[in-house]
Amino acid sequence: MRSPLYNVLKAGRAVRLRRMVDLVLIALLAGIICDWFRSDSRLIFSRPLPVFHPSSTSAR
Amino acid sequence: MNYTDMSSKRLTPEFTTIIRCVVGAVFLPAGALKLADPASFYSDLLAYEVTLPDFMFRVIAVAFPWLEVLCGGALLANRWIETVGFLVVAIGLIFVGMLGQAVWRGLNLNCGCFGVTSAGWFNHPITALGRAALLLGGSVWWLLRITAAQSAKIVPAAPVYHIEVSPS
Chain A
41 MRSPLYNVLK AGRAVRLRRM VDLVLIALLA GIICDWFRSD SRLIFSRPLP VFHPSSTSAR
Chain B
160 MNYTDMSSKR LTPEFTTIIR CVVGAVFLPA GALKLADPAS FYSDLLAYEV TLPDFMFRVI
220 AVAFPWLEVL CGGALLANRW IETVGFLVVA IGLIFVGMLG QAVWRGLNLN CGCFGVTSAG
280 WFNHPITALG RAALLLGGSV WWLLRITAAQ SAKIVPAAPV YHIEVSPS
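Note that the protein sequences, when read in sequence, are chains A and B.
Residue 77 in the working numbering is what sits at position 37 of the first sequence, and the numbering runs on without skipping anything.
Residue 212 in the working numbering is what sits at position 53 of the second sequence, and the numbering runs on without skipping anything.
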């Protein structure tokens, strides 16, 4: 009787690594593309906050 | 259907399909709900107080919901099951690890499993840990079943030799 851990590791040998990498890459690309189009609340390509120079905000 | 002669062997393929569909039906909406608002998923991730660079949390918040959607869809469609099964078990282990450390440290957080739509006891870390443990147990059992079924297909049956003994 094999242990469940051995059987899970054995199941891991059946994994096609290329397919797994493909899945992860598809998810990553889809996430980045969606993030790019969500211009108001980007997480990865977040725009830097506008910096106001003191001279531009001072009363003239 | 005669329920009296239902042996466990007969039930297993159907039960395997049910578990696959249940796990897929959990993963698909969980990912889709997170996709709707990745910013809140990102803030939920930060609440776990795990030591990782901020950029990693951002990448996870953006990509992980898609991975969940892909895994859930593949499970429901019964495609790439040996690869997706292993990924689902790995994701389940991550869920149990993250929620386990949150419960251990007594963090009061919103688990973020199903986006922002759910709230209250359903998103409490202890409830989420129980859910994740059930999900992990189901996916491990399912992965072991499909591996056993595939190796039974691959390994050829032992040949049957007929020895004829001629009377002499």
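Yeah, the Cβ is synthetic: ideal placement off N, Cα and C, and Gly gets one too.
Assigned secondary structure, residue i (DSSP; H/G/I helix, E/B strand, else coil)
| i | result |
| --- | --- |
| Asn282 (chain B) | helix |
| Cys230 (chain B) | helix |
| Cys272 (chain B) | coil |
| Leu235 (chain B) | helix |
| Val61 (chain A) | helix |
| Arg78 (chain A) | coil |
| Leu83 (chain A) | coil |
| Asn47 (chain A) | helix |
Residue-level contact to chain A via CB, residue i, 8 Å cutoff
| i | result |
| --- | --- |
| Arg217 (chain B) | yes |
| Trp301 (chain B) | no |
| Tyr207 (chain B) | no |
| Pro284 (chain B) | no |
| Ala220 (chain B) | yes |
| Ala291 (chain B) | no |
| Phe245 (chain B) | yes |
| Ala308 (chain B) | no |
Closer than 8 Å to chain B by CB, residue i
| i | result |
| --- | --- |
| Leu49 (chain A) | no |
| Ser81 (chain A) | yes |
Heavy atom of the ligand GDP within 7 Å of residue i beta-carbon
| i | result |
| --- | --- |
| Leu303 (chain B) | No copy of the ligand GDP appears in this structure; indeed no ligand is present at all. |
Exercise. Any contact of the stretch 236 to 254 of chain B with the stretch 288 to 306 of chain B, i.e. 3+ C-beta pairs under 8 Å?
Worked result: Pairwise C-beta distances place the stretch 236 to 254 of chain B in contact with the stretch 288 to 306 of chain B, as three or more of them are shorter than 8 Å.
Exercise. Do the stretch 230 to 250 of chain B and the stretch 172 to 182 of chain B meet, that is, are 3 or more Cβ pairs less than 8 Å apart?
Worked result: With a cut-off of 8 Å, the stretch 172 to 182 of chain B and the stretch 230 to 250 of chain B count as touching, because enough Cβ pairs lie within range.
For this session: Would you mind listing the alpha helix (DSSP H) stretches within the stretch 171 to 211 of chain B that are 4+ residues and don't spill past its ends, in chain order?
Result: Within the stretch 171 to 211 of chain B, the complete alpha helix (DSSP H) segments at least 4 residues long are 197 to 205, listed from N- to C-terminus.
For this session: Assess, as a yes-or-no matter, whether the stretch 187 to 195 of chain B is touched by the stretch 226 to 241 of chain B under the definition of 3 or more beta carbon pairs within less than 8 Å.
Result: Yes, since at least three Cβ pairs between the stretch 226 to 241 of chain B and the stretch 187 to 195 of chain B fall closer than 8 Å, the two stretches touch.
Exercise. What residues from the stretch 221 to 242 of chain B come within 9 Å of chain C, judged by C-beta to C-beta, listed N to C?
Worked result: No chain C is part of this structure, whose protein chains are labelled A and B.
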